[in-house]
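Number of protein chains: 4
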Amino acid sequence: NSRYILRAAAPDAIGILADVAGYIARAGLNVIESQDFGDSDTARFFIWVEFESPDGFDRATFEAGFNALAEKRSMTWSLRRKADRPRALIMVSKGDHCLNDLLYRHRRGQLGAEITAIVSNHEDGRWLAERHELPFHYVPVTRDTKLEAEDRLRQLIRETQSDFVVLARYMQVLSDGLCRELEGRCINIHHSFLPSFKGAKPYHQAHKRGVKLIGASAHYVTADLDEGPIIAQDVSPVDHRLTPQRMAEIGRDIEARVLSRAVTAHAEGRVFLNGIRTVVFE
Amino acid sequence: NSRYILRAAAPDAIGILADVAGYIARAGLNVIESQDFGDSDTARFFIWVEFESPDGFDRATFEAGFNALAEKRSMTWSLRRKADRPRALIMVSKGDHCLNDLLYRHRRGQLGAEITAIVSNHEDGRWLAERHELPFHYVPVTRDTKLEAEDRLRQLIRETQSDFVVLARYMQVLSDGLCRELEGRCINIHHSFLPSFKGAKPYHQAHKRGVKLIGASAHYVTADLDEGPIIAQDVSPVDHRLTPQRMAEIGRDIEARVLSRAVTAHAEGRVFLNGIRTVVFE
Amino acid sequence: NSRYILRAAAPDAIGILADVAGYIARAGLNVIESQDFGDSDTARFFIWVEFESPDGFDRATFEAGFNALAEKRSMTWSLRRKADRPRALIMVSKGDHCLNDLLYRHRRGQLGAEITAIVSNHEDGRWLAERHELPFHYVPVTRDTKLEAEDRLRQLIRETQSDFVVLARYMQVLSDGLCRELEGRCINIHHSFLPSFKGAKPYHQAHKRGVKLIGASAHYVTADLDEGPIIAQDVSPVDHRLTPQRMAEIGRDIEARVLSRAVTAHAEGRVFLNGIRTVVFE
Amino acid sequence: NSRYILRAAAPDAIGILADVAGYIARAGLNVIESQDFGDSDTARFFIWVEFESPDGFDRATFEAGFNALAEKRSMTWSLRRKADRPRALIMVSKGDHCLNDLLYRHRRGQLGAEITAIVSNHEDGRWLAERHELPFHYVPVTRDTKLEAEDRLRQLIRETQSDFVVLARYMQVLSDGLCRELEGRCINIHHSFLPSFKGAKPYHQAHKRGVKLIGASAHYVTADLDEGPIIAQDVSPVDHRLTPQRMAEIGRDIEARVLSRAVTAHAEGRVFLNGIRTVVFE
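Protein chains in written order, with this note's numbering: chain A, 149 to 430; chain B, 149 to 430; chain C, 149 to 430; chain D, 149 to 430.
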């Protein structure tokens, strides 16, 4: 309970790392892991620190002092106890391979996030949700009820106090407005190695093109479909013998592990938006 | 010297494998490795066999008999002594990482092909060619001399009796006519994980898009640029710290190993064209 | 329901492939996938064929004829309908990551095997078993009751008509007698890249040695601990920052996917014992 | 020419990172990349910084000040201009696949090290050395002349002012004395995934054991054969069809890329000894 995660981003400049590290040291805090990166392209500096506080650590004082530093450096930052895991609302349609993997890691305490609820436009996910004793909300979507359904989603995010949303093979496209509202806190899994095979049926596309590797990409959702900042990707080799169906089976394993990896990285505060790219301190 | 490679393709039908295997068995030949595949999509059957012949193997008689079988089955086929390696003409521009890898494997006798000559629109490759005691031909290309240069290339292919052409980072686009002439016997390396990042400067495109893996693709050249049947692909993980230049460095290693793998597979007769895809019996 | 899997092994000799392929072709069967391999080392030949039977396929006649061929060739063989999945009994101790993965694939119909029961020397697995509506048997083991417990296991294998046993992180060493009884039909997952780090606490061993990759191995159980024929292996990169605990977490993912892969390959009849090695037609 | 690499190691304690970062910031230096790690196991802290100096950077003053800091923190450290590459002496026996890869990267300026000479107990390497216009020294070794040969090696290291030695498939075991002299500055490539298959003929051992992945390990040489701290490892999948010879061919590619990676990491100062393990800031 004495572990904290500090993350900060700022315009790059000489001495930022020294400022942050110095502040932490003067507070008598013991750094467990620290990672930083200055991007010469975007002229942004990013830092992620996990530290351990001694007895009698005064968080309010620490924060007040850091605020002064942050102002000087035009830094955006946040601090949280490691144990206070961010709250995630999971959305899913019929395919539950990603959901299964998220729930398994959640049960073991390894996901990094607290799952608040499972929301679906189908009833299929209820089975898994109940087995894991998690709230399940059926929110059907038709062309006519899409905006209504999104309002219900907004309400659920509020009610469950969810910090971010995970689209774990949720097959409805979110409206531009909702995409903007959830910027940087909505993670999707796309079942191809983006930017290859955007759009529908990527395994059929991959089979038709005869690629020798298939993949999956976890990315932040933006209004621009399949163009959001990529958090994690992985691939597996395939060959001529595989049908699109067999490819999709192999692909489901890749999707599950890539999405879980992205969710954990995000939940631990290790992902920073850096223009249309990400910085991931894994 | 008693090892042979037989390859055949035909419309798929019951009993083809039995026909081929039976013919080889009746000839008293010892199969070292055999691979086959029937594609239900394209309704094509492919078979690749390496066998060892006993003393007094009569190749002419074997071929005559197989011709009859091939006619019955509408089969296209070829037979060659394993030791009679196909002859490859290598084309390169300035970047010599693929060339270096091909020449190294060639020197060790592991490439599967006999390199006949190195052709380049720059003088840079001469250094390596001379060190390996291989003919080097400088064939400069300008917008006005492109067709002339291609005629010179045709002449070199003929004179060197080359069976196929390897574009080992050759940065000129071949004319549609030449692409068609060389169909199925001209291999290119593209420095991205196709179909991502077609066209120029793929590492810059990859860096800009913030992908977490970069790759390379070896494919047969077609008139449709970067759309030819893929033979081999591979990737390596990258992260936010890498500049486009560092990505390109890592990419060069991927390119070299992917191209060499494709060249060896082609040279050993293990690659079949199957519509816009390939069958690769590795 | 008209799909069959035929597997056979025999002393290698000219014409075996032709004999088998010819027999299948004369029976008018349509080959979906066929793989074979002759090992010059052990002088053994292995073949695996999936075929589709036409209406009115007479299995008894097919088997009688194949028996004659098998006798001539000293072949051991088996035939089964693809839909008649082998029955697997799963054993587990406390760590349920492999169990979770097996149950998930089982539920989706992708495991290739029918799970008959879950047996454990701890009560922890009951939670998952019940959620998947599968029988759970608690069979505690102490030094004094080990043989008794193994008798109970034998009885459970019989009663559930299980074809093979999966040790999905079962932490008790089976007696030599039981190992011999289950030869070739008991699969274990070892949490290291064998033959590295045999024995206990392999992740601690790996951390101490400072390896840069950790792995897992699925193998058939033999009386010789951690020395059985290997079916599948995989690895993931690690670095200096990982504690043994974090390594174990990463390792659990590798273990789960390696064991599931081995179980599916075995269940589909794709694995052959070949001395102290295996042939795996994936 | 204004880029520098600073590396330091010290007993771990609160504020070290702040001290170092603060010192660099106060000197007005622009950090390009910085990595650090505190090992709670060994209670050691490691830091690696690449920085850019402004015009008029006074190295002597910087070093004097850093010395004071280092004394306070019991730090061992070093500073060098990035352009002043460490000098490497390469030793090789007959197999030249690693040598070829090192020379290729050296020629392109990507190795990170300056190759001073190639030393071999066979004449085979002379061909490559000459083509790259590098000094070649033939130092034959017999049981009786081993110590003499090592004296000649010591002399060559001195004369060429080499900073470290690379055993690029050098098949002679160094004496305990020489191992100790070269501690932390002699890198060997072992052709297995250590600690599997120590000793001779690892590919034959791997084939016999039937592993499904083969690998290679680059490590610092110690008197304890094949037990030195590991710098880099990699693997490739293999299957039942591969003979030990084919495995060795595949293995040579792994060896070459693993050794080059380790040499570059060492040359760039990114590798720290940490007991019997290493910290590698890649």
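Heads up, the beta-carbon is just placed ideally off N, CA and C, and yes, glycines get one too.
Beta-ladder partner(s) of residue i, from DSSP
i	result
Glu219(C)	Note: Glu219(C) sits in no beta bridge, so no partner.
Trp225(D)	Ala156(D)
Tyr171(D)	None, per the DSSP bridge assignment.
Asp324(B)	According to DSSP, Asp324(B) bridges with nothing at all.
Phe284(B)	Ile266(B)
Arg151(B)	Glu200(B)
His338(B)	Ser365(B)
Arg192(A)	Pro159(A) and Asp187(A)
Range of the contiguous beta strand (DSSP E) that encloses residue i
i	result
Leu315(A)	Phe312 to Leu315
Val428(D)	Arg425 to Val428
Phe345(D)	Segment: none, Phe345(D) is in no beta strand (DSSP E) and carries neither H nor E.
Glu181(C)	Asn178 to Asp187
Leu421(C)	Val419 to Asn422
Ile162(B)	Looking at the DSSP string, Ile162(B) is not in any beta strand (DSSP E), and its letter there is neither H nor E.
First through last residue of the alpha helix (DSSP H) which encompasses residue i
i	result
Leu304(B)	Lys294 to Glu307
8 Å Cβ cutoff met for residue i and residue j
i	j	result
Gly186(A)	Asp160(A)	yes
Trp225(B)	Ala166(B)	no
Asp206(C)	Ile195(C)	no
Gly260(A)	Thr426(A)	no
Lys360(C)	Gln381(D)	yes
Leu217(D)	Tyr152(D)	no
Asp406(C)	Ala364(C)	First, the amino acid is wrong: residue 406(C) is Val here, not Asp. Yes.
Leu237(B)	Val267(B)	yes
Val321(D)	Ile379(D)	no
Leu251(D)	His280(D)	yes
Arg333(A)	Phe312(A)	yes
Ala169(D)	Ala169(A)	yes
Glu198(A)	Ile172(A)	no
Val369(B)	Leu330(B)	yes
Leu276(A)	Asp249(A)	no
Leu326(B)	His367(B)	no
His414(A)	Ile335(A)	yes
Ala231(B)	Asn178(B)	no
Ile362(A)	Val386(A)	yes
His339(B)	Gly399(B)	yes
Beta-carbon proximity list for residue i, same chain, < 7 Å, skipping 5 on both sides
i	result
Gly176(B)	Pro202
Ser241(C)	Ser268, Asn269, His270, Arg317, Tyr318 and Met319
Arg328(B)	Ala371
Arg253(A)	Leu259 and Ser408
Ile305(B)	Leu237 and Val313
Ser310(A)	Arg235, Ala236, Leu237 and Thr264
Neighbourhood of residue i by C-beta distance below 6 Å, restricted to the same chain and skipping five residues each side
i	result
Ala396(B)	Tyr351
Asp324(A)	Ala371
Gly423(C)	Thr190
Asp272(A)	Lys242
Beta-carbon contacts of residue i that lie in its chain and below 8 Å, excluding the five residues immediately before and after
i	result
His355(B)	Leu390, Thr391, Pro392 and Met395
Glu278(B)	Phe284
Glu211(D)	Leu227
Hey, which unbroken runs of the beta strand (DSSP E) at 3 residues or more fall wholly within the stretch 348 to 397 of chain B? Whole beta strand (DSSP E) segments, 3+ residues: 361 to 368 and 378 to 385.
What are the start and end residues of each continuous alpha helix (DSSP H) run of 4 or more residues lying completely inside the stretch 236 to 274 of chain A, in chain order? When DSSP assignments are scanned along the stretch 236 to 274 of chain A, the uninterrupted stretches of alpha helix (DSSP H) that are 4 or more residues long and fall wholly within it turn out to be 245 to 256.
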